[in-house]
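As structure tokens, the structure follows; a few thoughts come after it.
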Amino acid sequence: MSELFDKSIRTLELPRVLELLADQAVSAAAKDRCRRLTPETEAEEVLRLLDQTDAARAMIGLRGSPSFSGVKPVAEALDRADRGGSLNNHELLTIADLLTAARGCKEYFNDEAAEKTAIDHLFLSLHSNRFLEEKIKRCLPDEDTVADAASTELADIRRHMRAAQAKSRQILQKIISSPSYSKILQETIITQRDGRFVVPVKAEHKGDLPGLVHDISSTGATLFVEPMGVVQANNEFIELQAKEQKEIERILAELSAEAAAHREDIQWDYDALVHLDVIFARGQLSYKMDAVRPEVRRDGAISLRKARHPLLDPKTAVPIDIQLGGDFDTLVITGPNTGGKTVSLKTLGLLTLMTQCGLHIPAGDRSAVSVYEQVLADIGDEQSIEQSLSTFSAHMVNIVAILKEAGRRSLVLFDELGAGTDPVEGAALAIAIIQDVRKRGSKVAATTHYAELKTFAMTTAGVENASCEFNVETLSPTYRLLIGIPGKSNAFAISARLGLPAEVIEAAKVQMSGESVRFEDVLTELEAKRQALEKRELEADHLYAQREEDARKAREFRQQMERAKDNARSRGEAEAKRIVRDARAAADQVFAELSEMRKAQAKADRALNDNEARAALRRTLNEAEEAVTRRDARQEPIPKPSRPIRAGDLVEIPGVKTPAEVVSVGKDGTLQLKSGILKMKARADEVRLIEDDERAARKKAPAVAIRQNADRALRSSAARELDIRGLETLEAEGVVENFLSAAVMGRLETVTIIHGKGTGALRKAVHDILRRNRAVKSFRLGVYGEGESGVTVVTLK
Numbered sequence: 128m129s130e131l132f133d134k135s136i137r138t139l140e141l142p143r144v145l146e147l148l149a150d151q152a153v154s155a156a157a158k159d160r161c162r163r164l165t166p167e168t169e170a171e172e173v174l175r176l177l178d179q180t181d182a183a184r185a186m187i188g189l190r191g192s193p194s195f196s197g198v199k200p201v202a203e204a205l206d207r208a209d210r211g212g213s214l215n216n217h218e219l220l221t222i223a224d225l226l227t228a229a230r231g232c233k234e235y236f237n238d239e240a241a242e243k244t245a246i247d248h249l250f251l252s253l254h255s256n257r258f259l260e261e262k263i264k265r266c267l268p269d270e271d272t273v274a275d276a277a278s279t280e281l282a283d284i285r286r287h288m289r290a291a292q293a294k295s296r297q298i299l300q301k302i303i304s305s306p307s308y309s310k311i312l313q314e315t316i317i318t319q320r321d322g323r324f325v326v327p328v329k330a331e332h333k334g335d336l337p338g339l340v341h342d343i344s345s346t347g348a349t350l351f352v353e354p355m356g357v358v359q360a361n362n363e364f365i366e367l368q369a370k371e372q373k374e375i376e377r378i379l380a381e382l383s384a385e386a387a388a389h390r391e392d393i394q395w396d397y398d399a400l401v402h403l404d405v406i407f408a409r410g411q412l413s414y415k416m417d418a419v420r421p422e423v424r425r426d427g428a429i430s431l432r433k434a435r436h437p438l439l440d441p442k443t444a445v446p447i448d449i450q451l452g453g454d455f456d457t458l459v460i461t462g463p464n465t466g467g468k469t470v471s472l473k474t475l476g477l478l479t480l481m482t483q484c485g486l487h488i489p490a491g492d493r494s495a496v497s498v499y500e501q502v503l504a505d506i507g508d509e510q511s512i513e514q515s516l517s518t519f520s521a522h523m524v525n526i527v528a529i530l531k532e533a534g535r536r537s538l539v540l541f542d543e544l545g546a547g548t549d550p551v552e553g554a555a556l557a558i559a560i561i562q563d564v565r566k567r568g569s570k571v572a573a574t575t576h577y578a579e580l581k582t583f584a585m586t587t588a589g590v591e592n593a594s595c596e597f598n599v600e601t602l603s604p605t606y607r608l609l610i611g612i613p614g615k616s617n618a619f620a621i622s623a624r625l626g627l628p629a630e631v632i633e634a635a636k637v638q639m640s641g642e643s644v645r646f647e648d649v650l651t652e653l654e655a656k657r658q659a660l661e662k663r664e665l666e667a668d669h670l671y672a673q674r675e676e677d678a679r680k681a682r683e684f685r686q687q688m689e690r691a692k693d694n695a696r697s698r699g700e701a702e703a704k705r706i707v708r709d710a711r712a713a714a715d716q717v718f719a720e721l722s723e724m725r726k727a728q729a730k731a732d733r734a735l736n737d738n739e740a741r742a743a744l745r746r747t748l749n750e751a752e753e754a755v756t757r758r759d760a761r762q763e764p765i766p767k768p769s770r771p772i773r774a775g776d777l778v779e780i781p782g783v784k785t786p787a788e789v790v791s792v793g794k795d796g797t798l799q800l801k802s803g804i805l806k807m808k809a810r811a812d813e814v815r816l817i818e819d820d821e822r823a824a825r826k827k828a829p830a831v832a833i834r835q836n837a838d839r840a841l842r843s844s845a846a847r848e849l850d851i852r853g854l855e856t857l858e859a860e861g862v863v864e865n866f867l868s869a870a871v872m873g874r875l876e877t878v879t880i881i882h883g884k885g886t887g888a889l890r891k892a893v894h895d896i897l898r899r900n901r902a903v904k905s906f907r908l909g910v911y912g913e914g915e916s917g918v919t920v921v922t923l924k
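Note that our numbering has the sequence shown beginning at 128, numbered continuously upward.
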């Protein structure tokens, strides 16, 4: 970068903008980089920087800015650690804070985003090291402390140190509490001298308390004595302190070695975080200025829409439109003093430099800026008393340097070109300078008061006039820049408004040449036509806006009608669906009633059939009974019993396989029999006695069957699940005990008790009952799908 380009950058106040950028950065290194930014001269590099700013601004809008608070320089500390040096607490915690910032940025970054950005690679390149970060912070809670948790050895040493201190204090506490020592002590306190516990003793009782004197008060009245009983404990404490320090040094050396082992990754993270800090500062400044990304062009053309100078108050700054390049390569800006000519020139140059630094610019959409190798500016009063330079001479020194350096990819800005000398010569010189710079291929913007330059711009191809608007009625500039219209000096109008006599003004007009008067009249006529055209344009814009508003209202009305029609159709369809749904519901209800009626009829039919079946069964039984009573002598003879039949014997009626029990024997020998629920009478010669051996054989087999049937009955009657939700703990105890008893009787192996989750009181009561019950082998809470902690599954012995 040439010295003249660097001077032009300062003239256009880019450093003040970079200071605003540095205020948005967090780390000191990023702030310094922001202040040292220089404009890039290649379009590809400018596009890359703008892509980064775009990405940062988009991320800030979605998730805010990542934290860079822990980004501090670590290179020097890492170099010393790499050479075998031991870092202190502050240096190690700085490394840990840097690792925390790197980890935070990695977590902030969303690598699954739909669109990739120009700064993704910076986030992805971060290493971080959570293990080392947490180890340092666990060992070093602050800059002055090494935690006990840093090592088991350190924790053990400090435990012994506390014990030694407690022992010393205990001995000293006995001394200061003892009545026998109260007279020799100056105060009943325990203090320290040279790291050892002592008590203050009166000087006159020096020999009454054996020990070591560590200090004497300024008056000499008090001796600070370490009693002999405490010396050993204090010695042990001092030795432990030395061990503690040695262990601390070992821990710091170990942490330093681990940091050195990851030196390259940590340093890389630092550089990447500083780079990201600068990029996000550009994004933050874009938000603060309400700036936009301009289009980057390569043809030297500039088109700024509603551009604002970034150092002016945005509430009062008047946006301007500036164009340069394209149809013309030179812009001549005229107008009265304090009308905004210089601000327009500086806005053009400064926004160009900001773009080339990768910054968004405070302008409207569709603004475009070209990338130049140099932006050369001659702006302001360069008068120097020390160098004996007049205003004209100082400007001419700058202009000479500009003419030497200006080229095809240069933007040249002249403020008050040719001022400070004879107007005629100055105007001629200004025209010649502009023509020379144009021949070099540079883009030129210049401000002037000379009418000759206005004529030059009107009559030369590639040169365009512009003026800063001035309101003669209020005697104040509007700060609007009007492209294509030369400005008037308005000296006569301003003088008249300020009260200059009319005859003086007329005399001044006489002094002007005829061409100058005609030129001013032409400008006046042009200004009147411009204002009339502008008024018509505003009216046309108003009518266009009104037409657009009417069209928008018409579209909205049509959309409302479409929605109303759709809503009406939807309501009709919904009503039809409701009617069909109600009809279906009514039909379903009728079908349900018919089904219930069928079920009732079927039930009545089944009852009738049951009655008929029972009647038929009774007829069969009666016939069987009659058949038994009518059996004839052709049947097999009934064997005679081996002994008289007694009550309790089992007998069998021929023709009936079911045995009957003899309930009683009548005096006439009639037997009262019982078989199941049936009771009957028979004579002794009508039945066969089941002898004892046959009876025993019959009884054994049925007993097993009966027992098996009983077991099955118990199992089927015993429930496998008990629900006690809602019961009090006292109520639940009896219910659970009965349930377990039934389960044991039913020989169940596993049962489930449902007690619910709730406060856990009922579950605890159930578990207490199960622990006491001897029939319980084990129990557990349910798993997923069983009810989890709301049920308990019990295994019985």
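Glycine residues also receive a C-beta, built at the ideal position from the N, C-alpha and C atoms.
Note that this is a predicted model, so its numbers are computed, not measured.
Could you pull the start and end residues of the beta strand (DSSP E) that R435 belongs to? The residue labelled residue 435 in the question sits at position 308 within the sequence shown. Note, R435: premise wrong, no beta strand (DSSP E); not H, not E.
Apply the 10 Å Cβ neighbour rule to I460 and answer buried if 16 or more other Cβ atoms are within range, or exposed otherwise. As a working mapping, residue 460 is identified with position 333 in the sequence shown. Burial check for I460: the Cβ neighbour count within 10 Å reaches 16 or more, so the residue is buried.
Which residue's Cα is closest to the Cα of Q359: I298, G568, V717, G626? As a working note, residue 359 is residue 232 in the sequence shown. Of all alpha-carbon atoms in I298, G568, V717, G626, the one lying nearest the alpha-carbon of Q359 is that of I298.
Inter-residue spacing [alpha-carbon to alpha-carbon] between L841 and R725: Indexing the sequence shown from 1 puts residue 841 at position 714. Indexing the sequence shown from 1 puts residue 725 at position 598. Confidence is the limiting factor: at L841 the pLDDT is only 45, short of 50, which leaves the residue's position unreliable and the question unanswerable from this model.
Rounded to the nearest angstrom, what separates G410 and R190 at their Cα positions? Reading the sequence shown from its first residue, position 283 is the one you call residue 410. Reading the sequence shown from its first residue, position 63 is the one you call residue 190. Answer to the nearest angstrom: the Cα atoms are 13 Å apart.
Report all residues from its chain with a CB closer than 7 Å to the CB of M355; omit the five preceding and five following residues, and keep chain order. Position 228 of the sequence shown, counted from the first residue, corresponds to residue 355. Around M355: P337, G338.
Residue closest to E788, alpha-carbon to alpha-carbon, out of L816, A546, K794: The residue labelled residue 788 in the question sits at position 661 within the sequence shown. With distances taken between Cα atoms, E788 lies closest to L816.
Write down every uninterrupted run of the beta strand (DSSP E) in the segment 305-360 whose length is 3 residues or greater and which is fully enclosed by it, in chain order. 318-320, 323-329, 338-343, 349-354, all fully within the segment 305-360.
As assigned by DSSP and simplified to three states, the class of S430: Residue mapping note: residue 430 aligns to position 303 of the sequence shown, counting from 1. DSSP places S430 in strand when its eight states are reduced to three.
Answer with buried or exposed for P868, where buried requires no fewer than 16 other C-beta atoms within 10 angstroms of its C-beta. Start at 1 with the first residue of the sequence shown, and residue 868 comes out as number 741. It should be pointed out that residue 868 corresponds to Ser in this sequence rather than to Pro. Under this definition S868 is an exposed residue.
On the criterion of 16 or more Cβ atoms from any shown chain inside 10 Å, does A149 qualify as buried, or is it exposed? For the purposes of this step, residue 149 is identified with residue 22 of the sequence shown, where counting begins at 1. By the 10 Å Cβ count, A149 comes out buried.
Just to confirm the assignment, what range does the alpha helix (DSSP H) spanning R899 have? For the purposes of this step, residue 899 is taken as the residue at position 772 of the sequence shown. Its alpha helix (DSSP H) spans residues 888-899.
Measuring alpha carbon to alpha carbon, tell me which of R907, K891, K581, M523 ends up nearest T879. Within the sequence shown, the letter at position 752 stands for residue 879. Of the listed residues, the one whose Cα sits closest to T879 is R907.
Tell me the rounded alpha-carbon separation between A719 and K730. Start at 1 with the first residue of the sequence shown, and residue 719 comes out as number 592. Start at 1 with the first residue of the sequence shown, and residue 730 comes out as number 603. Each residue's Cα considered, the two are about 16 Å apart.
In angstroms, rounded to a whole number, what distance separates the CA positions of V496 and F684? Start at 1 with the first residue of the sequence shown, and residue 496 comes out as number 369. Start at 1 with the first residue of the sequence shown, and residue 684 comes out as number 557. Cα to Cα, V496 sits roughly 43 Å from F684.
Which of helix, strand or coil does DSSP assign to V789? Within the sequence shown, numbered from 1, the residue matching residue 789 stands at position 662. Note: V789 maps to strand in three-state DSSP.
From the DSSP secondary-structure annotation, give me the bridge partner or partners of C595. On the sequence shown, position 468 is the one that residue 595 refers to. Beta bridge pairing from DSSP links C595 with L608.
Any idea what DSSP makes of L875, helix, strand or coil? Against the sequence shown, residue 875 aligns to sequence position 748. Three-state DSSP puts L875 in coil, outside helix and strand.
Excluding sequence positions up to five away, which residues of its chain have a Cβ less than 8 Å from the Cβ of P786? Here residue 786 refers to the residue found at position 659 when the sequence shown is read from its first residue. Within the same chain, P786 has close Cβ partners L777, V778, E779, S802, I817, R825.
Residue-chain proximity (P446, chain C), Cβ-Cβ < 8 Å: As a matter of chain content, chain C is missing from the structure shown, which is built from one protein chain.
Could you name the residues of the same chain whose beta carbon sits closer than 7 Å to that of S769, not counting the 5 residues immediately before and after it, in chain order? Counted from its first residue, the sequence shown places residue 769 at position 642. Listed in chain order, the non-local C-beta contacts of S769 below 7 Å within the same chain comprise E818, local neighbours out to five positions each way being set aside.
Do the segment 489-503 and the segment 465-481 make contact, defined as three or more Cβ pairs closer than 8 Å? Yes, they touch.
Look up I447 in the DSSP assignment and give the residues it is bridged to. As a working note, residue 447 is residue 320 in the sequence shown. DSSP, once it has assigned bridges, lists A434 as partnering I447.
For M128, name the three-state secondary structure that DSSP assigns. Walking along the sequence shown from the start, residue 128 turns up at place 1. Three-state DSSP puts M128 in coil, outside helix and strand.
Who are the Cβ neighbours of L544 in its own chain at under 6 Å, not counting the five residues just before and after it? Taking the sequence shown and counting its residues from 1, the one referred to as residue 544 is at position 417. Cβ within range, chain order: A557, A573, T575.
Using CA atoms only, rank isn't needed, just tell me which of V631, E366, H436, A710 is closest to R143. Locating residue 143 in the sequence shown gives position 16, where the first residue counts as 1. Closest by alpha carbon: H436.
Supposed contact pair R323 and E353 - C-beta distance, whole angstroms, cut 8 Å: For the purposes of this step, residue 353 is taken as residue 226 along the sequence shown, with counting starting at 1. For the purposes of this step, residue 323 is taken as residue 196 along the sequence shown, with counting starting at 1. A Cβ-Cβ separation of about 5 Å places E353 in contact with R323 under the 8 Å criterion.
Residue from I506, I316, S307, K262 with nearest C-alpha to E385: For the purposes of this step, residue 385 is taken as the residue at position 258 of the sequence shown. That would be K262, whose Cα lies nearest to the Cα of E385.
Please confirm whether any heavy atom of the ligand COA lies closer than 7 Å to the CB of A185. No copy of the ligand COA occurs in the structure displayed, which carries no ligand at all.
Check whether the Cβ atoms of L849 and F866 sit closer than 8 Å, and answer yes or no. One-based indexing of the sequence shown puts residue 849 at position 722. One-based indexing of the sequence shown puts residue 866 at position 739. In this structure, F866 lies closer than 8 Å to L849 by Cβ.
Starting from L226 and walking both ways along the alpha helix (DSSP H), at which residues does that stretch end? Counting from 1 along the sequence shown, the entry for residue 226 is found at position 99. 216-235 is the span of the alpha helix (DSSP H), which, as asked, contains L226.
Classification of L145 by the beta-carbon crowding that lies within 10 angstroms, buried from 16 upward: Here residue 145 corresponds to residue number 18 of the sequence shown, with the count starting at 1. Flag for L145 reads buried.
Looking at the unbroken alpha helix (DSSP H) that takes in E140, where does it start and where does it end? The count along the sequence shown starts at 1 and reaches residue 140 at position 13. Annotation for E140: no alpha helix (DSSP H) segment contains it, and DSSP assigns it neither H nor E.
On the DSSP letters alone, give me the boundaries of the alpha helix (DSSP H) that V153 sits inside. Residue 153 sits at position 26 when you count from the first residue of the sequence shown. Where V153 is concerned, there is no enclosing alpha helix (DSSP H), given that its DSSP letter is neither H nor E.
Give every residue of the same chain whose Cβ lies closer than 7 Å to the Cβ of Q514, excluding the five residues on either side of it in the sequence, and list them in chain order. If you number the sequence shown from 1, residue 514 lands on position 387. Its pLDDT being 42, under 50, Q514 is placed unreliably in this model, and the value from its coordinates should be taken loosely. Hits under 7 Å: none found.
Let me confirm a value: Q673 is counted as buried when at least 16 other C-beta atoms fall within 10 Å, else exposed. Which label applies? If you number the sequence shown from 1, residue 673 lands on position 546. Result: exposed.
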